[in-house]
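Novice: With the working numbering as the guide, the letters of the sequence shown map in order to residues 21 to 325. Think of the CB as a built atom: it goes at the ideal place given N, C-alpha and C, for glycine as much as any other residue.
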Amino acid sequence: MNNFSLAIHGGAGTILKSSMDEQKESGYRNALLNALGAGRSVLQNGGSAIDAVTAAVVSLEDCPLFNAGKGSVFTHEGLHEMDAAVMDGNTRSAGAVAGIRSVKNPVLLAREIMIHSGHVFLAGMGAEDFARNRGLTFEDDSYFHDDFRYQQFQEALQAGKVTLDHTDRKFGTVGAVARDVSGNLAAATSTGGMTNKRYGRVGDTPVIGAGTYASNSTCAISCTGHGEYFLRAVVAYDVSCLMEYKGLSLKEACHKVILEKLAGAGGDGGLIGLDTAGNTMLVFNTEGMYRAWISEANEDCVAIY
Ligand code: ASP
């Protein structure tokens, strides 16, 4: 077993090999491997799990292929509203942000909130003021514009639908879980939410215990899927509780929650998880999940279907 562990995801959903060409697929694979590399280099140099998950998620947020940061989907008003969270399993401190615009890397804002705000969860304009005070980078709307996403948005608008990015043609909430050489766990998740969302809709991603959770006594979890189902099922904390109170292994707990409970309730999606021994789980009840992880033999692995 390695003395550190890392897994990342770039969203789960209807990802079919038949709808992917070679070039597109290698674009996703390379982006996932780059993000894994960003997290790996932190861990291998003795850095903390929280720094590793942040580095991996920043790399995914900067990539237009995923529905987070630069690649975020359009809201009903043709804007981008992003959500993110981080949690440190050692201290169980957490930072989360919802409905923010223009902040280049929402995961960095979540981390700043965790460390410097004295709060856990900030939203909207107040969160943006805090980001400005902390000197975070802002981008204008053109940075977040992507023709493919705009097309998705136009289709959703015409159909009068609020679509999950990953049940459409392109997929993408991102997340990472890590265990560092000191045995500390951490999780981070970031998303643009749903195409054509309105009324300040927020999914599971920034809600501690739903889309993101970490505790050194159980596991670190980052989710992706239909947020409304993940919120009601309190997915990430449910996995942790099954381990803590029922003595289930990480694998048993993830299977129970994603393959039995969530699937039974009609909730599509998946999660990545790590336990205190560094065992890694990447589980989904959809056709695919963009994912990458460091194997027990210390190799970089990547998979989609
Ligand atoms: N869980 C995210 C949300 O509902 C979406 C996703 O995972 O792609 O906002």
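(1) Roughly how many angstroms separate the alpha carbons of I241 and G231, rounded to a whole number?
(2) On the three-state DSSP scale, how would you describe L262?
(3) Using three-state DSSP, classify I35 as helix, strand or coil.
(4) Kindly identify the DSSP beta-bridge partner or partners of N25.
(5) Got a sec? Which residues, its chain only, sit under 8 Å from L56 by beta carbon, not counting five neighbours each side?
(6) Can you tell me where the alpha helix (DSSP H) holding A151 begins and where it ends?
(7) Shortest alpha-carbon distance to M309 belongs to which of N22, F24 and L36?
(8) With a threshold of 7 Å on Cβ separation, who are the neighbours of N110 within its own chain once the five nearest residues in sequence on each side are excluded?
(9) With a floor of 4 residues, list each alpha helix (DSSP H) that falls wholly inside the region 262-302, ordered by position along the chain.
(10) V197 and I5 - do their beta-carbons sit closer together than 8 Å?
(11) Is any non-hydrogen atom of ligand 1 found closer than 7 Å to the C-beta of F250, if you look at the structure I gave you?
(12) Looking only at DSSP bridge pairs, what is I228 linked to?
(13) Among E175, D166, K181 and P126, which one has its Cα closest to the Cα of R154?
(14) Buried or exposed, going by whether 16 or more other CB atoms sit within 10 Å of the CB of N318?
(15) Could you tell me whether any Cβ in chain B is nearer than 8 Å to the Cβ of T193?
(16) Would you kindly report the start and end of the unbroken alpha helix (DSSP H) that includes V62?
(17) What's the gap between the Cα of N65 and the Cα of M107?
(18) DSSP on V194, reduced to helix/strand/coil?
(19) Note down the Cα distance separating P226 from A104, rounded to an integer number of angstroms.
(20) Would S210 and A88 be called neighbours here (beta carbons separated by less than 8 Å)?
(21) Quick one: what's F304 bridged to in DSSP?
(22) Three-state secondary structure (DSSP) at Y325?
(23) Alpha carbon to alpha carbon, how far is S79 from N50?
(24) Going by other Cβ atoms of all chains shown within 10 Å of its Cβ, with 16 needed for buried, is G290 buried or exposed?
(25) Only counting the same chain, and skipping five residues up and downstream in sequence, which positions put a Cβ closer than 7 Å to that of R131?
(26) Measuring alpha carbon to alpha carbon, tell me which residue in F158, A118, G146 and T215 is nearest L177.
(27) Per DSSP, which residues does F158 bridge with? Please list them.
Specialist: A quick look at the data gives this:
(1) 8 Å
(2) helix
(3) coil
(4) Inspection of the sequence shows that residue 25 is occupied by Ser rather than by Asn. According to DSSP, S25 shares a beta bridge with R199.
(5) Closer than 8 Å at the Cβ level, and outside the excluded window around L56, lie L26, I28, A76, A312, W313, I314, D320 and V322.
(6) G144 to N153
(7) L36
(8) N204 and N236
(9) 270-274
(10) Summary: the structure shown does not reach residue 5, with the chain confined to residues 21 through 325, and so no result is reported for it.
(11) yes
(12) The partner list for I228 (beta bridge, DSSP) reads T232.
(13) P126 is the residue among E175, D166, K181 and P126 whose C-alpha sits nearest the C-alpha of R154.
(14) exposed
(15) In the structure shown, chain B cannot be found, because there is only a single protein chain.
(16) E42 to Q64
(17) 21 Å
(18) Three-state DSSP puts V194 in a strand.
(19) 5 Å
(20) Note that the C-beta distance between S210 and A88 is below 8 Å.
(21) G290
(22) Correct three-state label for Y325: coil.
(23) 11 Å
(24) buried
(25) T74, V106 and G115
(26) T215
(27) V123
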